[in-house]
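Chemist:
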Amino acid sequence: MRRHALLALAAALTLVAGCGDAPDPPGLTAAASAPRLPGAEPITTAPTAEGTGTCDTEATLAPAALPRPGAMPAGSAMAAIVANGRLRVGVDQNTYMFGFRNPATGRLEGFDIDLAREIARDLFGDPDRIELRSVTAAERIPLLREAKVDLIVRTFSATCERRREVDFSSVYYRAAQRIAAPREAGITDGADLADKRVCVAKGTTAAAPLFDLPTPPREVLGVTTWTDCLVALQQGSVDAISGDEPILRGLVAQDHHLEIVGDAIGAGGYAVGLPKGSDELVRFVNGVLDRARVDGTWQRIYTQHLSALGASPGPPPAKYVG
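The letter at position 188 of the sequence shown is residue 188 when you use full-length UniProt numbering, and the numbering goes up by one with no holes.
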C-alpha cells in the first residue's frame, strides 16, 4: 500500500511539472507594463520659458496703503470680495510644503495656503474667510479668466506669455529648476537625460529648459500633477522628474529612493495670479505681501513649512513700476 501511494504521488508531481514546462499558446505571452496615467501625454514642443520675451516678468504695480479690514473702498474689487463673504483662491493639494492635503487632518496646508490666508486676513480681519479650491496647473489661467476664483496662489510663475492673459503680484518666492532621479540610476545632470524619459506637470514652464538642453530627453511626459510624476517614476514609465527644487524636495520626502541631482537648469519666481486688468486688487495684494515681508509673517511661514529646504533666503525684494 505504501509503495502504491508513493507511485501515485510521483505521478502527480510529474504531471504538475509537465504542465509547468508546457509552452505558452501562441499570442498569449504576457508583457508587464504599467498603464499610462489618466491625462498623461507627451509634450513635443517647448512652452515659453520663464524670463523670456520682451516684458519684465517680475515688474508689478506699487502697493497702495492697506485699508482697514472689512472697510474696502466702495466699488473696488476688494469691496466685491468682502461683499461675497469669502476670498476664493485657487491652490494646489498635491505639492508637499506649498499646497497639500494633510492626511491626518484633511486640511489644506503649506506655504502658499498660509500666504493666501494672509490676504484674507487683510480683507476681512479673519484668515479663515477663505474658500480654497484645488486646481491643476493647467486650470490656473482659465479659472481666473472665467472669474471662478479671485486669486491663484499655487507656485505660479509669471511669464510674458501668461501676462497677456492675467496679472501678477510681486514675486514672493524664487526657485531653481533641477532634476530628481532614483539613486544609482546613473543620472547626475542634464546631459544624462539625452536618452531618458522625463516627467513634468502640464501647464507649467518646466518642460522649456529640457528642450533647451544640448541633447533634449528622448521623451518629455506631461501629467496632471507633480504627484502623478512620482507615480509615473515608481511605475517605470519615466526615468526622472524635472521641476522647481522645492517641488522636487517634496517628492523626495515621499520617496527616499529619489535624490536631486545636478546644477539648476532653469529658474523662476512665484507670484499671486490675478484677473487681467484688476489694478486695484494687484496693488492691494502687493500691500499684503509687503506687510508680510516687513512684519515677519513671511519668515514665520517659511520656518513652518519650508525649513527642510535649508536656511531662509529671506523674502525676495519686490520690483515696482507705476
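Beta carbons are placed, not taken as given, at the ideal position from N, Cα and C, and that holds for glycine.
Are the CB atoms of V89 and A137 nearer to each other than 9 angstroms?
Modeler: Cβ distance not < 9 angstroms, so V89 and A137 don't count as in contact.
Chemist: Anyone know if the C-beta pair for V200 and A207 falls short of 9 angstroms?
Modeler: In contact: V200 and A207 (Cβ atoms closer than 9 angstroms).
Chemist: With DSSP collapsed to three states, give me the class of P275.
Modeler: P275: strand per DSSP, three-state reduction.
Chemist: Quick one, are the C-beta atoms of I241 and L251 less than 9 angstroms apart?
Modeler: Yes; because the gap between Cβ atoms is below 9 angstroms, this pair is in contact.
Chemist: Count Cβ pairs between the segment 59-76 and the segment 212-220 that sit closer than 8 angstroms; are there 3 or more?
Modeler: The segment 59-76, when compared against the segment 212-220, does not touch it at the 8 angstroms Cβ threshold.
Chemist: Assign G314 to buried or exposed, taking buried as 16 or more other Cβ atoms, counted over all protein chains shown, within 10 Å of its Cβ.
Modeler: Flag for G314 reads exposed.
Chemist: In chain order, what are the residue ranges of uninterrupted beta strand (DSSP E) at least 3 long that sit wholly in the segment 191-279?
Modeler: As far as the segment 191-279 is concerned, its whole beta strand (DSSP E) runs of at least 3 residues are 197-201, 219-223, 240-244, 258-275.
Chemist: Please name the residue or residues paired with A146 in a DSSP beta bridge.
Modeler: Looking at the sequence provided, one finds Glu at residue 146 rather than Ala. Looking at the DSSP assignment, E146 forms no beta bridge with any residue, so it has no partner.
Chemist: Just the Cα atoms here: how many angstroms apart are residue 323 and P73?
Modeler: It is not possible to answer for residue 323, since the shown part of the chain is limited to 1 through 322.
Chemist: Using 9 angstroms as the threshold, is the C-beta distance between L230 and M97 below it?
Modeler: No, the pair does not count as a contact, with Cβ atoms beyond the cut-off.
Chemist: Can you list, in chain order, the residues of its chain with a C-beta nearer than 7 angstroms to that of V223? Leave out the 5 residues immediately preceding and following it.
Modeler: The residues are L37, G39, A40, C199, A201, K202, C229, A232.
Chemist: In three-state DSSP terms, what is N102?
Modeler: In this structure, N102 counts as coil in the three-state DSSP scheme.
Chemist: With DSSP as the reference, please indicate the residues paired to Y320 in a beta bridge.
Modeler: In DSSP, Y320 forms a bridge with T60.
Chemist: Starting from the C-beta of T204, find all residues in its chain whose C-beta is less than 6 angstroms away, skip the five residues before and the five after it, and write them out in chain order.
Modeler: So the qualifying residues of the chain are A137.
Chemist: Could you tell me the alpha carbon to alpha carbon distance between D279 and K196, rounded to whole angstroms?
Modeler: Cα-Cα distance, rounded: 44 angstroms.
Chemist: Based on the DSSP output, what are the partners of P182 in its beta bridges?
Modeler: BP columns for P182 point to L258.
Chemist: Quick check on the burial criterion: 16 or more other C-beta atoms within 10 angstroms. Buried or exposed for T303?
Modeler: So T303 counts as exposed.
Chemist: Relative to the C-alpha of T159, which residue among L309, D295, Y270, V294 is closest?
Modeler: When only C-alpha atoms are compared, the closest one is Y270.
Chemist: I want to know whether the segment 288-304 touches the segment 142-150 - three or more CB-CB distances under 8 angstroms.
Modeler: Output reads no: the segment 142-150 does not touch the segment 288-304.
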